[in-house]
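Numbering (the numbering used here), first residue to last: 21 to 410. This report concerns only the one structure given below.
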Amino acid sequence: MTTTAFSAADVQDMVATRRDLHAHPELAFEEVRTSGIVAEKLRALGLEPRTGVGKTGVIAMLQGARPGRTVLLRADMDALPIHEENDVPYRSGTPGKMHACGHDCHTSILLGVAKRLVSERDALAGTVKFCFQPAEEVGGGAEAMIKDGALAAPAPDAAFGLHVWQDLDLGKIGVTPGPMMAAVDEFTVTVTGKGAHAAMPHFGIDPVVCLAQVVTALQTIASRGVSPLSAVVVSVTQVKAGTAFNIIPESAWMNGTVRVFDEALWETLPARFERIVRGVCDALGCRTEIRYQRSNRPTVNDPRMAAIARAAAVEVVGEENVVDDVRTMGGEDFSQFLARVPGCFIAVGSRNESKGLKWDHHHPRFDVDEASLEIGAEILRRAARRFLES
Ligand SMILES: [Zn+2]
Ligand SMILES: [Zn+2]
21 MTTTAFSAAD
31 VQDMVATRRD
41 LHAHPELAFE
51 EVRTSGIVAE
61 KLRALGLEPR
71 TGVGKTGVIA
81 MLQGARPGRT
91 VLLRADMDAL
101 PIHEENDVPY
111 RSGTPGKMHA
121 CGHDCHTSIL
131 LGVAKRLVSE
141 RDALAGTVKF
151 CFQPAEEVGG
161 GAEAMIKDGA
171 LAAPAPDAAF
181 GLHVWQDLDL
191 GKIGVTPGPM
201 MAAVDEFTVT
211 VTGKGAHAAM
221 PHFGIDPVVC
231 LAQVVTALQT
241 IASRGVSPLS
251 AVVVSVTQVK
261 AGTAFNIIPE
271 SAWMNGTVRV
281 FDEALWETLP
291 ARFERIVRGV
301 CDALGCRTEI
311 RYQRSNRPTV
321 NDPRMAAIAR
331 AAAVEVVGEE
341 NVVDDVRTMG
351 GEDFSQFLAR
361 VPGCFIAVGS
371 RNESKGLKWD
381 HHHPRFDVDE
391 ASLEIGAEIL
401 RRAARRFLES
């Protein structure tokens, strides 16, 4: 790794903040302590943070010495309802809550970047908007901040964010032009037939047989309905019906998720889904009730912004350590910013098998190699400066 703009004390600061946030996890829209710390640290830098943006979000603006464009840098702050199983000094002090995705890292990284950029103000042309977002995990945090004016004047011309990434070894960086993470849709279907004695099915209409066929037919969305070169996942994850072995129930219920990268395809999926469910239910004489909800839209990186992020990453970790095809069917609500502002979401390798730091995001033993904080911060800092100078 190249030398970064961060001193040993800066790095220690980032690690200490990360550990403090890790020990005090707060769930979506409850990030009161976290956002309080963020605001306090921003004030200590001489900035004037606006708090309560999208309930618990914080925004601060750094005006460079010269006029120019505006770049938004975003970190998320929320934790997950998971009980931590790591035995570390900074282990979660709240039973049942844990920073198991690394948002504690993102918050401390962005605070580190803010500190650095404030000290570089004389060399800056334009404005940096620091955006600390609540509630990424349940979705809605980005949207809440945007509704509350996160993109209002000065409107950002570019947006960058990052995520520590356990699928990548420490020192590797993922910058993917185009779609990077999937849209997240959720469906719930209730199929109603007519209850009967299990021995006399002809007196009823069996919703269990019907639902079974619905589950199977839905698999054709991915296998027959779209190009084999397009990625779509339809997963039925919960199925519930019945009360006894000898009763055909009145109704059956299921719930699950649809994931897709392509935005045009995403638009067509609710209608396809509904056509299949209604068609099968009609054929078998059942009534159906469908709830199809959008959560995250696809996370799509702008190719020009990805090129800026990539150049920054190459400077920090070297050409050979920058990967351009890090993609996952997981979702991310930074997508809400990217749908309105050209930008790039950067994956920062944080896995280190030799230290046992190999557990995936959302796992009770999730933890990162903290050396990723300095790397991530330096790339974010350089991406912001590159954009403002470009
Ligand atoms: Zn997560
Ligand atoms: Zn996350």
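Here a beta-carbon is modelled for each residue, glycine too, at the ideal position from N, C-alpha and C. Nothing here was measured: the structure is a model prediction, and the numbers come from that model.
For MET325, the closest C-alpha among the options LEU400, GLY276, GLY66 is that of LEU400.
According to the DSSP assignment, ARG298 belongs to no beta strand (DSSP E) but to the alpha helix (DSSP H) extending over 283–303.
The beta carbon of GLY262 sits closer than 6 Å to the beta carbons of PRO269 from its chain, once the five residues preceding and following it are set aside; these are given in chain order. Taking every protein chain shown into account, the CB of ASP345 has fewer than 16 other CB atoms within 10 angstroms, so this residue is exposed. Annotated three-state conformation of PHE150 is strand, per DSSP. When DSSP reads this structure, LEU92 sits in a beta bridge with LYS149, ALA179. Shown in chain order are the residues whose CB sits closer than 7 Å to a heavy atom of ligand 2: ASP96, CYS121, GLY122, HIS123, GLU156, GLU157, HIS183, GLU352, HIS381. Rounded to the nearest angstrom, the gap between the Cα atoms of ARG70 and PRO323 is 31 Å. In the pairwise beta carbon analysis, the stretch 119–127 is classified as not touching the stretch 202–210: fewer than three pairs are separated by under 8 Å. For a cut-off of 8 Å, the C-beta gap from ALA216 to PHE223 is around 5 Å, short enough to register as a contact.
In terms of Cβ geometry, ARG292 and VAL336 do not form a close pair [threshold 8 Å]. According to DSSP, HIS217 shares a beta bridge with ILE267. For PHE265, the number of other beta carbons within 10 angstroms of its own is below 16, and it is reported as exposed. Shown here for SER392: same chain residues with a beta carbon closer than 8 Å to its own, the five before and five after excluded, namely CYS125, VAL184, LEU190, VAL368, GLY369, SER370 in chain order. Here ALA95 has HIS126, THR127, LEU130, PHE152 as same chain residues with Cβ atoms under 6 Å from its own Cβ, once five neighbours each way along the sequence are excluded. Selection ARG330, VAL246, ILE267, PRO199 evaluated against VAL228 yields ILE267 as nearest (Cα-Cα). For GLU283, the closest C-alpha among the options LEU358, ALA332, ARG141, ILE395 is that of LEU358. For the set ALA331, ASP33, LEU304, GLU340, the Cα lying nearest the Cα of PRO197 is the one of ALA331. DSSP places LYS75 in the coil class of the three-state scheme, outside both helix and strand.
With 16 or more neighbouring CB atoms inside 10 Å of its own CB, MET200 falls in the buried class.
Using a Cβ distance threshold of 8 Å, GLY245 and GLY146 do not count as a contacting pair. In terms of Cβ geometry, THR76 and GLU51 form a close pair [threshold 8 Å]. Straight-line measurement puts the Cα of VAL108 at about 35 Å from the Cα of ALA203. If you draw a 10 Å sphere on the C-beta of PRO176, you find 16 or more other C-beta atoms in it, and that means buried. In the same chain as SER255, and ignoring 5 residues on each side of it, the C-beta atoms closer than 7 Å to its own belong to GLY276, THR277, in chain order. With fewer than 16 other beta carbons inside 10 angstroms of its own, HIS103 counts as exposed.
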